[in-house]
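Participant: Dumping the structure here so I can ask a few things about it.
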């Protein structure tokens, strides 16, 4: 009898995308963000407390480096570093 298991894949990687707020507290302060990448890919940043500046950089494009994990449809990144891109920079 075959049974399905939830597979978790993780690897160090680099992604490029736009910072988007996704959670707020009772005072409307940002408490969670994700990276909106091309192709409707969304990657949640799990260690936002280590990079609090990201909370105020909504709609900024950046390159992110870290450990990317995928479990089903959910993707997360344990961020190691990020570099903001200038508008129009390829």
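Residue numbers (the working numbering): 1 to 90.
From the three backbone atoms N, C-alpha and C, an ideal C-beta is built for every residue, glycine too.
Exposed or buried, residue 72, counting other C-beta atoms within 10 Å across all chains shown (16 or more means buried)?
Facilitator: The sequence position of residue 72 within the chain shown is 72, counting from 1. So residue 72 counts as exposed.
Participant: Can you check whether the CB of residue 79 is closer than 8 Å to the CB of residue 60?
Facilitator: Within the chain shown, numbered from 1, the residue matching residue 60 stands at position 60. Within the chain shown, numbered from 1, the residue matching residue 79 stands at position 79. No, Cβ-Cβ distance for residue 60 and residue 79 is not below 8 Å.
Participant: Give the DSSP-derived three-state secondary structure of residue 86 in the structure shown.
Facilitator: As a working mapping, residue 86 is identified with position 86 in the chain shown. Of the three classes helix, strand and coil, the one that applies to residue 86 here is coil, per DSSP.
Participant: Measure the C-alpha to C-alpha separation of residue 53 and residue 10 and round it to an integer number of angstroms.
Facilitator: For this step, residue 53 is matched to residue 53 along the chain shown. For this step, residue 10 is matched to residue 10 along the chain shown. Between residue 53 and residue 10, the C-alpha separation is close to 25 Å.
Participant: When the Cα atoms are used, what is the spatial distance from residue 49 to residue 30?
Facilitator: The count along the chain shown starts at 1 and reaches residue 49 at position 49. The count along the chain shown starts at 1 and reaches residue 30 at position 30. Going from the Cα of residue 49 to the Cα of residue 30 covers about 11 Å.
Participant: For residue 13, which residues from the same chain have a beta carbon less than 6 Å from its beta carbon, with the 5 sequence-adjacent residues on both sides left out?
Facilitator: One-based indexing of the chain shown puts residue 13 at position 13. Contacts found: 68.
Participant: What's the C-alpha gap between residue 64 and residue 27?
Facilitator: For the purposes of this step, residue 64 is identified with residue 64 of the chain shown, where counting begins at 1. For the purposes of this step, residue 27 is identified with residue 27 of the chain shown, where counting begins at 1. Cα to Cα, residue 64 sits roughly 28 Å from residue 27.
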